[in-house]
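Everything below concerns the one structure shown next.
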Amino acid sequence: MSTNALFTPFALKSLQLKNRIVMAPMTRSFSPHGVPGADVAAYYRRRAEGQVGLILSEGTVVERPASSNDPNVPHFYGEAALAGWQHVIDEVHAAGGQMGPQLWHMGVMAEHRSGWKPSEQFEGPSGLLKPGQPAGKAMSENDIADTIAAFAQAAADTKRLGFDCLELHGAHGYLIDQFFWAGLNERTDSYGGDDLTQRSRLAVELVKEVRRAVGEDFAISLRLSQWKQQDYAARLARTPQEMEVWLQPLAEAGVDIFHCSQRRFWEPEFEDEGSDLNFAGWVKKLTGKTTITVGSVGLSGEFLAGFAGEASEPQSIEELLRRLDRNEFDLVAVGRQLIVDPNWVEKIREGRGDEMVGFSREALRTLV
Ligand SMILES: Cc1cc2nc3c(=O)[nH]c(=O)nc-3n(C[C@H](O)[C@H](O)[C@H](O)COP(=O)(O)O)c2cc1C
Numbered sequence: 001m002s003t004n005a006l007f008t009p010f011a012l013k014s015l016q017l018k019n020r021i022v023m024a025p026m027t028r029s030f031s032p033h034g035v036p037g038a039d040v041a042a043y044y045r046r047r048a049e050g051q052v053g054l055i056l057s058e059g060t061v062v063e064r065p066a067s068s069n070d071p072n073v074p075h076f077y078g079e080a081a082l083a084g085w086q087h088v089i090d091e092v093h094a095a096g097g098q099m100g101p102q103l104w105h106m107g108v109m110a111e112h113r114s115g116w117k118p119s120e121q122f123e124g125p126s127g128l129l130k131p132g133q134p135a136g137k138a139m140s141e142n143d144i145a146d147t148i149a150a151f152a153q154a155a156a157d158t159k160r161l162g163f164d165c166l167e168l169h170g171a172h173g174y175l176i177d178q179f180f181w182a183g184l185n186e187r188t189d190s191y192g193g194d195d196l197t198q199r200s201r202l203a204v205e206l207v208k209e210v211r212r213a214v215g216e217d218f219a220i221s222l223r224l225s226q227w228k229q230q231d232y233a234a235r236l237a238r239t240p241q242e243m244e245v246w247l248q249p250l251a252e253a254g255v256d257i258f259h260c261s262q263r264r265f266w267e268p269e270f271e272d273e274g275s276d277l278n279f280a281g282w283v284k285k286l287t288g289k290t291t292i293t294v295g296s297v298g299l300s301g302e303f304l305a306g307f308a309g310e311a312s313e314p315q316s317i318e319e320l321l322r323r324l325d326r327n328e329f330d331l332v333a334v335g336r337q338l339i340v341d342p343n344w345v346e347k348i349r350e351g352r353g354d355e356m357v358g359f360s361r362e363a364l365r366t367l368v
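For the sequence shown, the positions run 1 to 368 when UniProt numbering is used.
Below, the structure written as structure tokens:
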């Protein structure tokens, strides 16, 4: 099958992409004290040289005392870290690439395996790590306001440093998603409630402030997932109607791109609807916005099993091309294949299937 659809340019506001391939945001924990160094810049530059259309950075945390549970995850605040990011974007641009940081607050988390702890308690909607399991504090209205301000500051810095877009991490059971999810949001004030719309208030306000910080013409992506790291079977929207009610206010607040995280992109979002559309497919259909799909592109197994030690073999991308060809979504994020192989895009374009590399968790030990 032709790969033309993958290599069609794409333009949206501040983005002028040469193809539809996005490097998925992937935490690498190679930024001691939160500062990304020359090795991190060179790692991203290699993906730009390898013709990745849009690079999304690993999650990089905003300025809150407990936004991270890992001392080696990069900060997106402070002079040293921002100078590091300046170097990253300059290297990516020098190689002809485009890039946005993924701005992140982890919310209530388990302690890092090293025993390292942030200076203050973890914070989330109700202080819960999993349903019924406290591991931090419930945020006050002041904490919420300060968190929104921290995201807006990081957004302004993103634009000032010259990045091409930004992404907000609203997926996988981290802070923004902890508010969305009734399992962790037991608040009785206006940031919680039985309706997903009520639990979306934090995200809507945050998107509005980020939009205000970057202006109308700067592309904002919001990453979302139904599944949570705390519960793979969790679902925020059980029907297309519920999904529309969830996403429309976010679109109106200023989201340009919904990055729809699935563990396997080929899984239909709503089994009962008689459609094989995936998450990104439904979101594009319901909101009319640009969407990114992701999840096991070019690999046989999904990433969380990969963390647990399951190896993944290279796999054909025919099904992906079929869906892209019928415009089910606009962009395709690729994770682990781009960890193991900065030249994956060129290999796809040139049909060099026999040179593809599989993924095993040993690959996480180094920045190739
Ligand atoms: C090492 C690693 C780190 C990840 N870190 C992040 C992250 O910081 N933010 C995020 O939204 N997703 C993160 N993910 C999920 C990926 O962005 C992607 O959704 C997932 O790996 C599925 O894509 P793949 O099957 O092509 O690897 C991470 C995945 C991996 C493998």
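By construction, the Cβ of each residue, glycine as well, lies at the ideal position given by its N, Cα and C atoms.
Quick one: give me the first and last residue of the alpha helix (DSSP H) that residue i is part of.
{"i": "W196", "result": "The displayed chain sequence assigns Leu, not Trp, to residue 196. First-last of the alpha helix (DSSP H) with L196: L196 to R199."}
{"i": "R323", "result": "E318 to D325"}
{"i": "Q241", "result": "P240 to A253"}
Does the beta-carbon distance from residue i to residue j come in below 9 Å?
{"i": "P118", "j": "A66", "result": "yes"}
{"i": "R264", "j": "G295", "result": "yes"}
{"i": "F270", "j": "T291", "result": "no"}
{"i": "F180", "j": "L129", "result": "no"}
{"i": "V297", "j": "I317", "result": "yes"}
{"i": "D330", "j": "K284", "result": "yes"}
{"i": "E209", "j": "A155", "result": "yes"}
{"i": "A171", "j": "R223", "result": "yes"}
{"i": "A24", "j": "E91", "result": "no"}
{"i": "Y44", "j": "V62", "result": "no"}
{"i": "T287", "j": "A333", "result": "no"}
{"i": "S57", "j": "Q102", "result": "yes"}
{"i": "V204", "j": "A253", "result": "yes"}
{"i": "F30", "j": "N72", "result": "yes"}
{"i": "G84", "j": "I176", "result": "no"}
{"i": "G100", "j": "D164", "result": "yes"}
{"i": "L304", "j": "R28", "result": "no"}
Specify, as a first and last residue, the run of the beta strand (DSSP E) that residue i falls within.
{"i": "H259", "result": "I257 to S261"}
{"i": "V22", "result": "I21 to M23"}
{"i": "A48", "result": "Counting along the chain, A48 falls outside any beta strand (DSSP E), though it belongs to the alpha helix (DSSP H) covering A38 to E49."}
{"i": "S57", "result": "L54 to V61"}
{"i": "L364", "result": "Where L364 is concerned, there is no enclosing beta strand (DSSP E), given that its DSSP letter is neither H nor E."}
{"i": "F30", "result": "Where F30 is concerned, there is no enclosing beta strand (DSSP E), given that its DSSP letter is neither H nor E."}
{"i": "F10", "result": "F10 to L12"}
{"i": "L15", "result": "L15 to L17"}
Out of the options, point me to the one whose CA is closest to residue i's CA.
{"i": "V52", "options": "S126, F10, A152 and D354", "result": "F10"}
{"i": "Q230", "options": "Y174, C260, R20 and Q262", "result": "Y174"}
{"i": "E362", "options": "A150, S312, V207 and K228", "result": "S312"}
{"i": "I220", "options": "V357, D189 and A152", "result": "A152"}
{"i": "E79", "options": "A233, C165, A213 and D157", "result": "D157"}
{"i": "M1", "options": "S360, G351 and R365", "result": "G351"}
{"i": "P314", "options": "W344, V357, F303 and L286", "result": "V357"}
{"i": "G136", "options": "G124, G50 and G301", "result": "G124"}
{"i": "A5", "options": "E273, N19 and S29", "result": "N19"}
{"i": "A95", "options": "T197, M106, G50 and L161", "result": "G50"}
{"i": "V245", "options": "Q16, R201, L166 and T60", "result": "R201"}
{"i": "S300", "options": "I144, R336 and W282", "result": "R336"}
{"i": "A145", "options": "G59, H75 and L206", "result": "L206"}
{"i": "P35", "options": "A81, G254 and P71", "result": "Before going on, a small fix: residue 35 reads as Val here, not Pro. Of A81, G254 and P71, the residue nearest in Cα terms is A81."}
{"i": "Y232", "options": "E302, N343, T239 and G309", "result": "E302"}
{"i": "E267", "options": "N278, A305 and G274", "result": "N278"}
{"i": "L12", "options": "P71, V88 and Q98", "result": "Q98"}
{"i": "E167", "options": "H105, W116 and P134", "result": "H105"}
{"i": "M139", "options": "S126, P32 and A149", "result": "S126"}
{"i": "K228", "options": "Q248, T197, P249 and H169", "result": "H169"}
{"i": "R46", "options": "K347, E355 and L338", "result": "L338"}
Just to confirm the assignment: which complete beta strand (DSSP E) runs, minimum length 3, are found wholly within the segment 180-230? 219-225
If we require 4 or more residues per run, which alpha helix (DSSP H) segments fall completely within the segment 94-180? 141-161 and 175-180
At what residue ranges does the segment 269-352 contain a whole run of the alpha helix (DSSP H), taking only runs of 4 or more? 279-287, 303-307, 318-325, 336-340 and 344-349
Residue ranges of each alpha helix (DSSP H) run of no fewer than 4 residues wholly in the segment 63-97, ordered along the chain? 79-94
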